[in-house]
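Undergrad: For what it's worth, numbering that gives the first Met the number 0 labels the leading residue of the sequence shown as 0, then goes sequentially.
Even glycine gets a Cβ: it sits at the ideal position worked out from N, Cα and C.
Predicted, not measured: the structure shown is a model, and the values here were computed from it.
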Amino acid sequence: MAITREDVLKILSAVTVDAGGTTLPASGRLSQVVVDPTNRVMFSILIDPSEAERFEPIRRRAEGAILATPGVSGVFASLTSERGPNHPAQSTAPPPPSPGRAAPPPRTGPALPGVRHIVAVASGKGGVGKSTTACNLALALSAQGLKVGLLDADIYGPSVPKLFGLSGKPKVIEERLLAPMEGFGIKVMSIGFLIEAETAMIWRGPMVQSAITQMLREVAWGELDILVVDMPPGTGDAQLTMAQATPLSGAVIVSTPQDLALIDARRGVTMFRKVAVPILGVIENMATFICPNCGHASDIFGHGGARTEAERLNVPFLGEVPLDMTIRESSDAGRPVVAVAPDGPHAKVYRDIAKKLWSNLTGTDAPPTRAAPRIVIE
Ligand code: ADP
Numbered sequence: 000m001a002i003t004r005e006d007v008l009k010i011l012s013a014v015t016v017d018a019g020g021t022t023l024p025a026s027g028r029l030s031q032v033v034v035d036p037t038n039r040v041m042f043s044i045l046i047d048p049s050e051a052e053r054f055e056p057i058r059r060r061a062e063g064a065i066l067a068t069p070g071v072s073g074v075f076a077s078l079t080s081e082r083g084p085n086h087p088a089q090s091t092a093p094p095p096p097s098p099g100r101a102a103p104p105p106r107t108g109p110a111l112p113g114v115r116h117i118v119a120v121a122s123g124k125g126g127v128g129k130s131t132t133a134c135n136l137a138l139a140l141s142a143q144g145l146k147v148g149l150l151d152a153d154i155y156g157p158s159v160p161k162l163f164g165l166s167g168k169p170k171v172i173e174e175r176l177l178a179p180m181e182g183f184g185i186k187v188m189s190i191g192f193l194i195e196a197e198t199a200m201i202w203r204g205p206m207v208q209s210a211i212t213q214m215l216r217e218v219a220w221g222e223l224d225i226l227v228v229d230m231p232p233g234t235g236d237a238q239l240t241m242a243q244a245t246p247l248s249g250a251v252i253v254s255t256p257q258d259l260a261l262i263d264a265r266r267g268v269t270m271f272r273k274v275a276v277p278i279l280g281v282i283e284n285m286a287t288f289i290c291p292n293c294g295h296a297s298d299i300f301g302h303g304g305a306r307t308e309a310e311r312l313n314v315p316f317l318g319e320v321p322l323d324m325t326i327r328e329s330s331d332a333g334r335p336v337v338a339v340a341p342d343g344p345h346a347k348v349y350r351d352i353a354k355k356l357w358s359n360l361t362g363t364d365a366p367p368t369r370a371a372p373r374i375v376i377e
């Protein structure tokens, strides 16, 4: 039985948001309701950040009411302080912070039990190879003997399912807890597993705030040495909110060698500094072009700009990844180069970067020691 938006609005009319009995649909806080072809329901509730605690139980009630409806296959309800195009204008909530206004105080969410470090991979703009880098970096960290998770929080275009060749929906282990997917030995969760690609495009703004919280805290990550988070590109309010809401140990900025990308990368560094997240380093992606025919390296974009910029900004430089068709083709085929050609030259580039990253993060080159299995001699 197909669920319609009208059905959803009717059910949400039973959810009130204040003592006066104002219903959620009448409150002006409800976004556009989306029901995808699999009867998954999505919406968000517009709040001021200071109202988060009061509205979380309301969000849960709304989610619960929809989930209890026969025919509904799932629900994704989030709180947001970002007024997207699909939020009505009459809300009384104040607008979200914007650049130019005083920055919000640095804040990070509570630590994630079992996860030692959470590291964001970010970029000042899209298309610089952030997701490709995040995937291969996660695999290179895993090759070092670390327990690694990869969280694709790029709501504007989740690409990790494709890069890892993964599809399907994550299994629900118990109420409000999802099992991560598994790819090439690492645990993977992506907003792309939870919502359809087109829906992500419609919902990008309003879903940002609590989508990340849900993916961080309602996924059974287990014990991890490091959780790599593929952030949405850019440095707007959405990214700032995400950087604040996530208990990050540090951030990595991916940049191409072009000047424009470097200006954007600088904005990325500034954003993380604003929320007191240490910059673990800058990676220059598509640094030199390796000719697929003769193997000759040429600097078609100019090269070395990111290293110079990193020095100027006083942040570490982690390394350069060449513009190489093998990297692109392996990514497109869902077979990341570090996983499928671990002894090749590309994997070595990522492994060297991963080593520097781990050392900047922990101050040591060695992976954490684990309790060795006890050998019993009878
Ligand atoms: P972003 O996450 O920054 O939007 P992607 O990781 O999706 O960027 O990369 C954009 C495109 O560039 C993809 O087609 C990807 O395969 C390609 N790409 C990324 N890094 C490299 C590289 N070092 N060499 C060749 N192609 C690359």
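For the ligand ADP, is there any heavy atom lying closer than 6 Å to the beta carbon of Thr453?
TA: Look at the range of the chain in this structure, 0 to 377, and you will see that residue 453 is not part of it.
Undergrad: Pair every Cβ in the region 274 to 289 with every Cβ in the region 315 to 322, then say whether three or more of these pairs are closer than 8 Å.
TA: In short, these stretches touch, since the Cβ pair count reaches three.
Undergrad: Just to confirm, does Asn135 get its C-beta within under 6 Å of one of the non-hydrogen atoms of the ligand ADP?
TA: Residue mapping note: residue 135 aligns to position 136 of the sequence shown, counting from 1. No - the ligand ADP has no heavy atom lying nearer than 6 Å to the Cβ of Asn135.
Undergrad: Would you list the one or two residues that DSSP bridges to Thr15?
TA: The sequence position of residue 15 within the sequence shown is 16, counting from 1. Per DSSP, Thr22.
Undergrad: Using a threshold of 7 Å, state whether the C-beta atoms of Ala242 and Val274 are closer than that.
TA: Against the sequence shown, residue 242 aligns to sequence position 243. Against the sequence shown, residue 274 aligns to sequence position 275. Yes, the pair counts as a contact, with Cβ atoms nearer than the cut-off.
Undergrad: What span of residues does the beta strand (DSSP E) with Phe288 cover, start to end?
TA: Within the sequence shown, the letter at position 289 stands for residue 288. Note, Phe288: beta strand (DSSP E), 278 to 289.
Undergrad: Of the choices Met214, Ser248, Val40, whose alpha-carbon is the least far from that of Trp357?
TA: Mapped onto the sequence shown, residue 357 falls at position 358. Answer by Cα proximity: Ser248.
Undergrad: Tell me the DSSP bridge mates of Gly164?
TA: Reading the sequence shown from its first residue, position 165 is the one you call residue 164. Looking at the DSSP assignment, Gly164 forms no beta bridge with any residue, so it has no partner.
Undergrad: Spatial neighbours of Ser330 within its chain, please: CB distance less than 6 Å, with the 5 preceding and 5 following residues excluded, ordered by chain position.
TA: Residue numbering aside, residue 330 sits at position 331 when the sequence shown is read from its first letter. Once the five neighbours on either side are set aside, the close Cβ partners of Ser330 are Thr131, Leu162.
Undergrad: May I ask which residues mark the beginning and end of the alpha helix (DSSP H) holding Gly304?
TA: By one-based count along the sequence shown, residue 304 stands at place 305. Where Gly304 is concerned, the enclosing alpha helix (DSSP H) stretches over 304 to 312.
Undergrad: Just the Cα atoms here: how many angstroms apart are Arg4 and Thr37?
TA: What you label residue 4 is simply residue 5 of the sequence shown in a count that begins at 1. What you label residue 37 is simply residue 38 of the sequence shown in a count that begins at 1. Answer to the nearest angstrom: the Cα atoms are 13 Å apart.
Undergrad: Can you give the Cα-Cα distance for Leu23 and Arg327, rounded to whole angstroms?
TA: As a working note, residue 23 is residue 24 in the sequence shown. As a working note, residue 327 is residue 328 in the sequence shown. Looking at the two C-alpha atoms, the distance is approximately 46 Å.
Undergrad: Just how far apart, CA to CA, sit Leu360 and Val339?
TA: Indexing the sequence shown from 1 puts residue 360 at position 361. Indexing the sequence shown from 1 puts residue 339 at position 340. Rounded to the nearest angstrom, the two C-alpha atoms are 27 Å apart.
Undergrad: By the three-class DSSP mapping on this structure, what secondary structure does Glu222 have?
TA: Along the sequence shown, read from residue 1 onward, the residue named residue 222 stands at position 223. Three-state result, Glu222: coil.
Undergrad: Work out the CA separation of Val227 and Ala1 for me, nearest whole Å.
TA: Here residue 1 is taken as the residue at index 2 of the sequence shown, counted from 1. Here residue 227 is taken as the residue at index 228 of the sequence shown, counted from 1. Rounded to whole angstroms, Ala1 to Val227 spans 37 Å at the Cα level.
Undergrad: What number of angstroms, rounded off, separates the C-alpha of Leu138 from the C-alpha of Pro367?
TA: For the purposes of this step, residue 138 is identified with residue 139 of the sequence shown, where counting begins at 1. For the purposes of this step, residue 367 is identified with residue 368 of the sequence shown, where counting begins at 1. So the two alpha carbons sit approximately 17 Å from each other.
Undergrad: Excluding the five sequence neighbours on either side, which residues of its own chain have a C-beta within less than 6 Å of the C-beta of Arg106, listed in chain order?
TA: Working through the sequence shown from its first residue, we reach residue 106 at position 107. Since pLDDT at Arg106 reaches only 44, below the 50 mark, its modelled position is unreliable, and no value is offered.
Undergrad: When DSSP labels each residue in this structure, what does Val228 get in the three-state scheme?
TA: For this step, residue 228 is matched to residue 229 along the sequence shown. Val228: strand per DSSP, three-state reduction.
Undergrad: Give a yes or no on whether the C-beta atoms belonging to Phe271 and Ile278 are separated by under 7 Å.
TA: Counted from its first residue, the sequence shown places residue 271 at position 272. Counted from its first residue, the sequence shown places residue 278 at position 279. Closer than 7 Å, so yes.
Undergrad: Taking Val171 as the reference, which of Gly20, Ala64, Gln31, Glu217 has the closest Cα?
TA: In the sequence shown, residue 171 corresponds to position 172, counting from 1. If we check each option's Cα against that of Val171, Glu217 comes out closest.
Undergrad: At the level of alpha carbons, what is the spacing between Gly333 and Leu165?
TA: As a working mapping, residue 333 is identified with position 334 in the sequence shown. As a working mapping, residue 165 is identified with position 166 in the sequence shown. Gly333 and Leu165: Cα-Cα distance of roughly 8 Å.
Undergrad: When you compare the CB positions of Leu8 and Ile46, do they come within less than 7 Å of one another, or not?
TA: In the sequence shown, residue 8 corresponds to position 9, counting from 1. In the sequence shown, residue 46 corresponds to position 47, counting from 1. No, Cβ-Cβ distance for Leu8 and Ile46 is not below 7 Å.
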